[in-house]
Amino acid sequence: NAGVTQTPKFRILKIGQSMTLQCAQDMNHNYMYWYRQDPGMGLKLIYYSVGAGITDKGEVPNGYNVSRSTTEDFPLRLELAAPSQTSVYFCASSYVTGGQLGTDTQYFGPGTRLTVL
Amino acid sequence: AQSVTQLDSHVSVSEGTPVLLRCNYSSSYSPSLFWYVQHPNKGLQLLLKYTSAATLVKGINGFEAEFKKSETSFHLTKPSAHMSDAAEYFCVVTGHSGNTPLVFGKGTRLSVIA
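Listed in order, the protein sequences are those of chains X and P.
Residues in the first sequence are numbered from 1 upward in steps of one, following the numbering used here.
Residues in the second sequence are numbered from 1001 upward in steps of one, following the numbering used here.
Quick look at the structure:
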């Protein structure tokens, strides 16, 4: 049971390049999330998904796209990288049953450290 | 809207002494509250959570937190610090809205001195 895995661990991009951050979970969780963490700040939600085929915007979605074709995978796409997207990105997952949103325990991956120059 | 304020950005304690990390919250609803820990270059791990059951919540590694509605606080404590407790700690409140399931505080960095 690997939990939540993320690849790559580190990446340096040039302005305008694109890339996909991969996230996978093997816990059969229905909810998955993408966060970014800037220095000295808490995590900000970028996008989340309540199940395969269903995604929704979080607090800071601009410049990112997601898809959820399977329960296990939730990739995050950066189309035109900008220096403001330099951050550490965390993927998380949780199992949410009816009426319990907000009480679920989220399980986090180890993060991807992205630098845009 | 929900919000959370961690009152100290950095706390330093000696090994074997008590730990107190302070968190105040604001919520229009009955909140769910969490403490997560992040060790250097690692992902976040749940320490404990309050979901309207017992107000004193016990977590892993000897940590506990008390929900005090009258003070809108959810402070994290541990009787005796260990070197391995050095990490970043985040207080988190449920967003209860469609696009902010969790709202994170800015974090408190705990240093433990030998």
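Virtual Cβ for every residue (Gly too), placed ideally from N, Cα, C.
On a predicted model such as this, the values are computed, not experimentally measured, just so you know.
Our two residues, Asn1024(P) and Ser1073(P), have alpha carbons roughly 4 angstroms apart in a direct line. At a cut-off of 8 angstroms between beta-carbon atoms, Phe1090(P) makes contact with chain X.
Interface annotation for the region 1042 to 1056 of chain P against chain X: Lys1042, Gly1043, Leu1044, Gln1045, Leu1046, Lys1049, Thr1051, Ser1052, criterion Cβ-Cβ distance under 9 angstroms. Within chain X, the residues placing a beta-carbon under 8 angstroms from that of Gly1105(P) are Gly42, ordered along the chain. Within the same chain, and ignoring the five residues on either side of Thr20(X) in sequence, the residues whose Cβ sits closer than 6 angstroms to its Cβ are Pro75, Arg77. Taking all protein chains in view, the Cβ of Leu45(X) is crowded by 16 or more other Cβ atoms within 10 Å, so the residue is classified as buried. Of the residues Thr97(X), Pro83(X), Gly42(X), the one whose Cα lies closest to the Cα of Val116(X) is Pro83(X). The distance from the Cβ of Val1013(P) to that of Val1004(P) is about 22 angstroms, inconsistent with a contact at the 8 angstroms cut-off. Pairwise C-beta distances place the region 84 to 95 of chain X out of contact with the region 1068 to 1082 of chain P, as fewer than three of them are shorter than 8 angstroms. Tyr31(X) and Tyr48(X) do touch by the CB rule: their CB atoms are close to 7 angstroms apart, below 8 angstroms.
In the structure shown, Ser93(X) adopts extended strand secondary structure according to DSSP, grouped into three states.
Runs of the alpha helix (DSSP H) lying entirely within the region 1069 to 1106 of chain P, each at least 4 residues long, are absent.
Residue-level contact check: Tyr48(X) touches chain P, since one or more beta carbons of chain P fall below 8 angstroms from its beta carbon. No Cβ of chain X is located within less than 8 angstroms of the beta carbon of Pro1040(P). Remark: C-beta atoms of Lys1106(P) and Gly42(X) approach each other more closely than 8 angstroms.
Following the DSSP letters along the chain, one finds Asn65(X) inside the beta strand (DSSP E) bounded by residues 64 to 66. For Asp56(X), the enclosing beta strand (DSSP E) stretches over residues 54 to 57. If you look at Val1112(P), you'll find it in the beta strand (DSSP E) that goes 1108 to 1113. At a cut-off of 8 angstroms between beta carbons, Leu45(X) contacts chain P. Around the beta carbon of Pro1101(P), a 10 Å sphere encloses 16 or more other beta carbons of the protein chains shown; the residue is thus reported as buried. As the crow flies, the alpha-carbon of Thr71(X) is around 32 angstroms from that of Ile15(X). Per DSSP, the beta bridge partners of Thr5(X) are Ala24(X). Distance check between Thr105(X) and each of Gly1016(P), Thr1094(P), Arg1109(P) places Thr1094(P) closest, using alpha-carbon atoms only.
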